[in-house]
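*Asks:* Going line by line, the protein sequences match chains A and B.
Numbering-wise, the first sequence is residues 1 to 110 according to our numbering.
Numbering-wise, the second sequence is residues 111 to 220 according to our numbering.
Pasting in a structure now, in structure tokens, and then I'll have a few things to ask.
There are 2 protein chains.
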Amino acid sequence: MKKNGEKIRVSDENCPVRKTLGLLGGKWTLLILFQINNRVIRYGELKRAIPGISEKVLIQELNFLVENKLVSKKSYHEIPPRVEYQLTKIGLRTLPIADKLASFGLENLV
Amino acid sequence: MKKNGEKIRVSDENCPVRKTLGLLGGKWTLLILFQINNRVIRYGELKRAIPGISEKVLIQELNFLVENKLVSKKSYHEIPPRVEYQLTKIGLRTLPIADKLASFGLENLV
DNA sequence: AATAATTCTGACCGTTTGGTAAGTACCACA
DNA sequence: TGTGGTACTTACCAAACGGTCAGAATTATT
């Protein structure tokens, strides 16, 4: 049920589920957003927080998320470099999705 | 926040977000579950409802979902064949996730 | 002079994924 | 006899994905 009463049609290319999956459907995307969560986090910290992801892929994902305005990035021009990431207003709105993933896992998976 | 008060650690291999993504993170998985939704649906009907997916991939996904007990399958031994799919009790519990994807799309994507 | 620290970048390459398209099985029906 | 309908199955191939690993940049520290 949608707010305006129209049904959602997956068969429509503009289906909101499809569009959201296009944005958040990457292998690591929601995990990264969930990990950043409600805080400011440095690159290295984030990398350590998500073992298994490679640097290349993490950077790629972060760039993608910054491009799509789910994450904001602040570089301090210091040596050694310091870069901080945090969720934007829109990015924060993905957290309920990650929460649902978490609660599904907790309640239904071993 | 978890019910038992422990924090969720993405760094843990058993992180419920990771586990759920392992199950539902496929390109088409949540779209299929959302499309089946609260009904009994035949294979051909489902195929038509999700344009863009190939038969091969749809069958693969359905087999995967049946194996993982998110979807149940009933074959009628008729000619031409008739096969019906529907969400299991656990499968139904994925719908809130798809709902969140839908509402995120509606509220944040054009 | 060498090392450490941090955030990336890029080349290489194997694996996975996914699409296309043709084929299979079986019976009803024209 | 042959065409249609339904649910797959398989072979082939191309593209996307993802991992490893080395390197670059720059300054403080030893």
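A virtual CB, placed ideally from N, CA and C, is assigned to each residue, including glycine.
All figures in this text were calculated on a predicted structure; none of them were measured in a lab.
Can you find a CB in chain B that lies within less than 7 Å of the CB of A/Thr20?
*Replies:* Within the first sequence, numbered from 1, the residue matching residue 20 of chain A stands at position 20. Taking Cβ atoms only, chain B reaches closer than 7 Å to A/Thr20, which makes this a yes.
*Asks:* Is there at least one Cβ from chain B nearer than 7 Å to A/Val71's Cβ?
*Replies:* Reading the first sequence from its first residue, position 71 is the one you call residue 71 of chain A. Answer no: the Cβ-Cβ gap between A/Val71 and chain B never drops below 7 Å.
*Asks:* Cα separation between A/Ile97 and B/Val127?
*Replies:* On the first sequence, position 97 is the one that residue 97 of chain A refers to. On the second sequence, position 17 is the one that residue 127 of chain B refers to. About 10 Å.
*Asks:* Should the stretch 144 to 156 of chain B be called in touch with the stretch 186 to 197 of chain B, which here means at least 3 C-beta pairs below 8 Å?
*Replies:* Flag = yes, the stretch 144 to 156 of chain B and the stretch 186 to 197 of chain B touch.
*Asks:* Taking the alpha carbon of A/Leu101 as the reference point, which residue from B/Glu217, B/Gly215, B/Arg203, B/Asn218 has its own alpha carbon closest?
*Replies:* Translated into the one-based positions of the first sequence, residue 101 of chain A becomes position 101. The candidate whose alpha carbon is nearest that of A/Leu101 is B/Arg203.
*Asks:* Please list the segments of the beta strand (DSSP E) lying wholly inside the stretch 70 to 95 of chain A, counting only runs of 3 or more residues, in order along the chain.
*Replies:* Whole beta strand (DSSP E) segments, 3+ residues: 71 to 76, 82 to 87.
*Asks:* Can you tell which of A/Asn14, A/Leu31, A/Leu23 has its C-alpha closest to the C-alpha of A/Asp99?
*Replies:* Numbered from its first residue, the first sequence carries residue 99 of chain A at position 99. Here the closest residue by C-alpha is A/Leu31.
*Asks:* For A/Leu95 and B/Pro190, what's the separation of their Cα atoms in angstroms?
*Replies:* One-based indexing of the first sequence puts residue 95 of chain A at position 95. One-based indexing of the second sequence puts residue 190 of chain B at position 80. One C-alpha to the other measures close to 46 Å.
*Asks:* When you compare only the Cα positions, how much space is there between A/Leu23 and B/Thr130?
*Replies:* By one-based count along the first sequence, residue 23 of chain A stands at place 23. By one-based count along the second sequence, residue 130 of chain B stands at place 20. Near 18 Å, if we compare the C-alpha coordinates of B/Thr130 and A/Leu23.
*Asks:* Taking the C-alpha atoms as reference points, what is the distance between A/Asn68 and A/Gln35?
*Replies:* Along the first sequence, read from residue 1 onward, the residue named residue 68 of chain A stands at position 68. Along the first sequence, read from residue 1 onward, the residue named residue 35 of chain A stands at position 35. Cα to Cα, the separation comes out at about 18 Å.
*Asks:* Which of the residues in the stretch 94 to 108 of chain A, read from start to end, lie with their CB under 9 Å from any CB of chain B?
*Replies:* Under the 9 Å Cβ criterion, the stretch 94 to 108 of chain A contributes Thr94, Pro96, Ile97, Ala98, Asp99, Lys100, Leu101, Ala102, Ser103, Phe104, Gly105, Leu106, Glu107, Asn108.
*Asks:* Which first and last residues belong to the alpha helix (DSSP H) in which B/Asn173 is found?
*Replies:* By 1-based counting over the second sequence, the position of residue 173 of chain B is 63. 165 to 177 is the span of the alpha helix (DSSP H), which, as asked, contains B/Asn173.
*Asks:* Do B/Gly201 and B/Val176 have their C-beta atoms closer together than 7 Å?
*Replies:* Residue numbering aside, residue 201 of chain B sits at position 91 when the second sequence is read from its first letter. Residue numbering aside, residue 176 of chain B sits at position 66 when the second sequence is read from its first letter. No, the Cβ-Cβ distance between B/Gly201 and B/Val176 is not below 7 Å.
*Asks:* Flag this pair as yes or no: are the beta carbons of B/Leu143 and B/Lys157 separated by less than 7 Å?
*Replies:* Position 33 of the second sequence holds residue 143 of chain B. Position 47 of the second sequence holds residue 157 of chain B. No; because the gap between Cβ atoms is not below 7 Å, this pair is not in contact.
*Asks:* Give the residues of chain B in contact with A/Pro16, contact being defined as C-beta atoms less than 8 Å apart.
*Replies:* To locate residue 16 of chain A, count along the first sequence from 1; it is residue 16. Result: Leu211, Ala212, Ser213, Phe214, Gly215, Leu216, Leu219.
*Asks:* Counting only C-beta atoms, is B/Leu141 closer than 7 Å to chain A at any point?
*Replies:* For this step, residue 141 of chain B is matched to residue 31 along the second sequence. With 7 Å as the cut-off, B/Leu141 counts as an interface residue toward chain A.
*Asks:* Anyone know if the C-beta pair for B/Glu171 and B/Trp138 falls short of 7 Å?
*Replies:* Residue mapping note: residue 171 of chain B aligns to position 61 of the second sequence, counting from 1. Residue mapping note: residue 138 of chain B aligns to position 28 of the second sequence, counting from 1. In contact: B/Glu171 and B/Trp138 (Cβ atoms closer than 7 Å).
*Asks:* Give the residues of chain A in contact with B/Ile169, contact being defined as C-beta atoms less than 8 Å apart.
*Replies:* As a working note, residue 169 of chain B is residue 59 in the second sequence. In chain order: nothing, as chain A lies at least about 18 Å away.
*Asks:* Hey, out of A/Cys15, A/Val110, A/Glu78, A/His77, whose CA is closest to B/Gly162's CA?
*Replies:* For the purposes of this step, residue 162 of chain B is identified with residue 52 of the second sequence, where counting begins at 1. Answer by Cα proximity: A/Cys15.
*Asks:* Using the three-state DSSP reduction, which class does B/Ile207 fall into: helix, strand or coil?
*Replies:* Here residue 207 of chain B corresponds to residue number 97 of the second sequence, with the count starting at 1. Correct three-state label for B/Ile207: helix.
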